[in-house]
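Number of protein chains: 2
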Amino acid sequence: MDLKQISSPIQHHLELFEDVFAKSIRSKVVLVDFITNYIIKQKGKRVRPILVLLSAELCGGVNTKTYRGATLVEILHTATLVHDDVVDDADTRRGLASINAVWKNKIAVLMGDYLLSKGLLLSLDNDDVEFLKITSTAVKRMSEGEIHQIQKSRKLDMDEATYLRIIGDKTASLLSTCTEIGAASATADPHIRTLLRDYGENVGLAFQIRDDLLDYVGRKSITGKPTGLDLSEKKLTLPLIHALTKGPKKEGKEILSMIKNGGKKASAKRVLEFVERNGGIEYAEEKARSFSVKAKEQIASFPDTASKEALLSFADFVVERDK
Amino acid sequence: MDLKQISSPIQHHLELFEDVFAKSIRSKVVLVDFITNYIIKQKGKRVRPILVLLSAELCGGVNTKTYRGATLVEILHTATLVHDDVVDDADTRRGLASINAVWKNKIAVLMGDYLLSKGLLLSLDNDDVEFLKITSTAVKRMSEGEIHQIQKSRKLDMDEATYLRIIGDKTASLLSTCTEIGAASATADPHIRTLLRDYGENVGLAFQIRDDLLDYVGRKSITGKPTGLDLSEKKLTLPLIHALTKGPKKEGKEILSMIKNGGKKASAKRVLEFVERNGGIEYAEEKARSFSVKAKEQIASFPDTASKEALLSFADFVVERDK
Numbered sequence: 113m114d115l116k117q118i119s120s121p122i123q124h125h126l127e128l129f130e131d132v133f134a135k136s137i138r139s140k141v142v143l144v145d146f147i148t149n150y151i152i153k154q155k156g157k158r159v160r161p162i163l164v165l166l167s168a169e170l171c172g173g174v175n176t177k178t179y180r181g182a183t184l185v186e187i188l189h190t191a192t193l194v195h196d197d198v199v200d201d202a203d204t205r206r207g208l209a210s211i212n213a214v215w216k217n218k219i220a221v222l223m224g225d226y227l228l229s230k231g232l233l234l235s236l237d238n239d240d241v242e243f244l245k246i247t248s249t250a251v252k253r254m255s256e257g258e259i260h261q262i263q264k265s266r267k268l269d270m271d272e273a274t275y276l277r278i279i280g281d282k283t284a285s286l287l288s289t290c291t292e293i294g295a296a297s298a299t300a301d302p303h304i305r306t307l308l309r310d311y312g313e314n315v316g317l318a319f320q321i322r323d324d325l326l327d328y329v330g331r332k333s334i335t336g337k338p339t340g341l342d343l344s345e346k347k348l349t350l351p352l353i354h355a356l357t358k359g360p361k362k363e364g365k366e367i368l369s370m371i372k373n374g375g376k377k378a379s380a381k382r383v384l385e386f387v388e389r390n391g392g393i394e395y396a397e398e399k400a401r402s403f404s405v406k407a408k409e410q411i412a413s414f415p416d417t418a419s420k421e422a423l424l425s426f427a428d429f430v431v432e433r434d435k
Numbered sequence: 113m114d115l116k117q118i119s120s121p122i123q124h125h126l127e128l129f130e131d132v133f134a135k136s137i138r139s140k141v142v143l144v145d146f147i148t149n150y151i152i153k154q155k156g157k158r159v160r161p162i163l164v165l166l167s168a169e170l171c172g173g174v175n176t177k178t179y180r181g182a183t184l185v186e187i188l189h190t191a192t193l194v195h196d197d198v199v200d201d202a203d204t205r206r207g208l209a210s211i212n213a214v215w216k217n218k219i220a221v222l223m224g225d226y227l228l229s230k231g232l233l234l235s236l237d238n239d240d241v242e243f244l245k246i247t248s249t250a251v252k253r254m255s256e257g258e259i260h261q262i263q264k265s266r267k268l269d270m271d272e273a274t275y276l277r278i279i280g281d282k283t284a285s286l287l288s289t290c291t292e293i294g295a296a297s298a299t300a301d302p303h304i305r306t307l308l309r310d311y312g313e314n315v316g317l318a319f320q321i322r323d324d325l326l327d328y329v330g331r332k333s334i335t336g337k338p339t340g341l342d343l344s345e346k347k348l349t350l351p352l353i354h355a356l357t358k359g360p361k362k363e364g365k366e367i368l369s370m371i372k373n374g375g376k377k378a379s380a381k382r383v384l385e386f387v388e389r390n391g392g393i394e395y396a397e398e399k400a401r402s403f404s405v406k407a408k409e410q411i412a413s414f415p416d417t418a419s420k421e422a423l424l425s426f427a428d429f430v431v432e433r434d435k
């Protein structure tokens, strides 16, 4: 199942969401409004709104509050992307020139701030304070998680527990925000909200493990991302972390010092071979699957509906994808 | 009167604020916590917290909510500075190396996001939702105001009304946030809150006009900012806007096309002479003074206290400063 099929139970809601999203970021300042229109044209896959809408549908039905929740997460996501492109000096975004490429860094940063404030005001003006709490906690976890990963990469001393904590913070936090906000928009039942939050958290863990795994087993060329292993960032991810605990200690030390001294193509081949030989690939695949299963267990007790089916498929999708 | 004297009525509160501020941005992630400590060492002039505390003191007295309000604005201000340094590629901040210079852009942007989320959570966890509304509105105005100014600068078609709207959005919005939050922390009376907000707005307008004026009449070397007129940004500010309406139209057109074709030192001299000859300096001075007077009128009816005296002095300070 692909994302298009997964979103089919809420396709109509997704179109209404686009309306709310577009209206929510408009401005009276001509240039700001012009750039927001450009941003709408850069439309992404809408994974986050889809998760919000499916979760709400599962927990009682999409309503106007759900659209605002989906809009909040998509606005924040967009603001992050605009700022990321400045940091990465990226020229394109989703096939169109990036904001910073067209209007320079200064305007891109200001646009990010503008979007952020519009997201906050959307929630504050409608008393969606719980949405803001959920989201702010996620932003805190994401930024801490990313910095934690950089800190650990510098010292190359990552164990599995730390790895899981980091990917929980930097990736799963945002997916669980989507599913929790969706649930919170449709029901006041704290137990149901927790189930959906935990579904999102586990799907997020599975997603990131799969993502890190794809660096080892390769991606189809469609992804746009470079295929194969890039050791230059010195990121230790699950396949290698596991191989280091299973493989011979002496060889493990050699591998680590090879990574420390700069990630050349030649050493990438050696690392790959080490990881494969010591079961790192299978272990990570198994781990991703187990989080996917755990995600599905959270929503198992719900009545069988199209939205439940879609969320179950999404949990499969994140571990089966090869891009 | 300088800032030290102005802050003397709330000096004790300012020290307690430092405590709340430092505690509010701490993290369990070692590197994040290390950088927040570094940020605390980069301590600024604390103009914003001083305004929050003085306003609260005037409106009934500083309380724990006031410290949180002051912390919120200072956290947001700090986050903005960290992001600004990335955009400007700045190496130093307040005499110390900038975050991006020490830890690279990626970490600087993440730290900005982290601070932002901590500011939001501080207010959300304490149900200071009104603080967030005031602040988000200011962030929206600031980003729109800055982009509006860039838009207008490109076309060089700024009149006085547009100039005042832009500096209201980009500068006065944040000062009025401080004074409104201070008032809101101490009283529920909407009339008093409006008075303090309008005090801040007018002080902010006076501050920015004076700031733009200092580009023409020069700054003392202490400022660190370059002295004299920099036309390369093509910013049209009040002294020139006024001179263009008063001076001969033909000469005005020459001046504008000179600025359009790149701001060289030689043309700066010609522009300065044009502005002086057509009363631009006096006009801007008069305008700044009139906003300062308007600010003072807002708080005239309050009983005479040390905090009132300090806020009156601050309104004088912003138009008298030469740096």
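Chains A and B, in that order, are what the protein sequence lines are.
In terms of our numbering, the first sequence opens at residue 113 and continues consecutively.
In terms of our numbering, the second sequence opens at residue 113 and continues consecutively.
Built from N, CA and C at the ideal position, the CB exists for glycine as well.
These numbers come from a predicted model, not from an experiment.
Quick check on the DSSP output: the alpha helix (DSSP H) that includes residue i runs from which residue to which?
i: residue 154/A; result: Unbroken run through residue 154/A: none, as it is neither H nor E.
i: residue 165/A; result: 159-170
i: residue 251/A; result: 241-267
i: residue 305/A; result: 302-329
i: residue 435/B; result: Per DSSP, residue 435/B belongs to no alpha helix (DSSP H) and is neither H nor E.
i: residue 293/A; result: 285-298
Determine the direct distance from the alpha carbon of residue j to that of residue i, and round the result to whole angstroms.
i: residue 333/B; j: residue 323/B; result: A caution first: residue 333/B carries a pLDDT of 48, below 50, which makes its placement in the model unreliable, though a value can still be read off. Approximately 15 Å between the Cα atoms of the pair.
i: residue 392/B; j: residue 354/B; result: 5 Å
i: residue 132/A; j: residue 144/A; result: 18 Å
i: residue 201/B; j: residue 149/A; result: 29 Å
i: residue 268/A; j: residue 346/A; result: 8 Å
i: residue 407/A; j: residue 304/A; result: 14 Å
i: residue 262/B; j: residue 283/B; result: 15 Å
i: residue 229/B; j: residue 165/A; result: 24 Å
i: residue 414/A; j: residue 402/A; result: 20 Å
i: residue 430/A; j: residue 236/A; result: 33 Å
i: residue 427/A; j: residue 420/A; result: 11 Å
i: residue 192/A; j: residue 156/A; result: 13 Å
i: residue 310/A; j: residue 295/A; result: 11 Å
i: residue 256/A; j: residue 226/B; result: 7 Å
i: residue 222/A; j: residue 259/B; result: 7 Å
Under the DSSP definition of a beta bridge, which residues are partnered with residue i?
i: residue 407/A; result: Looking at the DSSP assignment, residue 407/A forms no beta bridge with any residue, so it has no partner.
i: residue 209/A; result: 204/A
Measure from the C-beta of residue i to each C-beta in chain A and report whether the shortest distance is under 7 Å.
i: residue 179/B; result: no
i: residue 258/B; result: yes
i: residue 212/B; result: no
i: residue 311/B; result: no
i: residue 333/B; result: In this predicted model, residue 333/B has a pLDDT of only 48, less than 50, meaning its place in the structure is not dependable; the value taken from the coordinates is given anyway. No, residue 333/B does not count as interfacial toward chain A.
i: residue 226/B; result: yes
i: residue 255/B; result: yes
i: residue 199/B; result: yes
i: residue 194/B; result: no
Since residue i meets chain A, which of its residues come closer than 9 Å, beta carbon to beta carbon?
i: residue 164/B; result: Simply none; closest approach about 19 Å.
i: residue 268/B; result: Those within 9 Å of residue 268/B in chain A number zero; the least Cβ separation is about 15 Å.
What residues from chain B crowd round residue i, counting only those whose CB sits closer than 8 Å?
i: residue 263/A; result: 141, 142, 143
i: residue 219/A; result: 259, 262
i: residue 132/A; result: Within 8 Å Cβ-Cβ: nothing; residue 132/A doesn't reach chain B, min ~18 Å.
i: residue 98/A; result: Residue 98/A lies beyond the stretch modelled for chain A, which goes from 113 to 435, so this question has no answer here.
Please compile the residues from chain A whose C-beta is within a distance smaller than 8 Å of the C-beta of residue i.
i: residue 249/B; result: 229, 233
i: residue 344/B; result: Those do not exist, as residue 344/B stays about 14 Å from chain A at its closest Cβ, beyond 8 Å.
Is the shortest distance between the beta-carbon of residue i and the beta-carbons of chain B less than 7 Å?
i: residue 275/A; result: no
i: residue 222/A; result: yes
i: residue 136/A; result: no
i: residue 303/A; result: no
i: residue 125/A; result: no
Would you mind telling me which residues of chain B sit closer than 9 Å to residue i, beta carbon to beta carbon, in chain order?
i: residue 424/A; result: Within 9 Å Cβ-Cβ: nothing; residue 424/A doesn't reach chain B, min ~32 Å.
i: residue 189/A; result: Within 9 Å Cβ-Cβ: nothing; residue 189/A doesn't reach chain B, min ~12 Å.
Can you pull the chain B neighbours of residue i, defined as C-beta to C-beta under 7 Å?
i: residue 245/A; result: 236
i: residue 241/A; result: 236, 241
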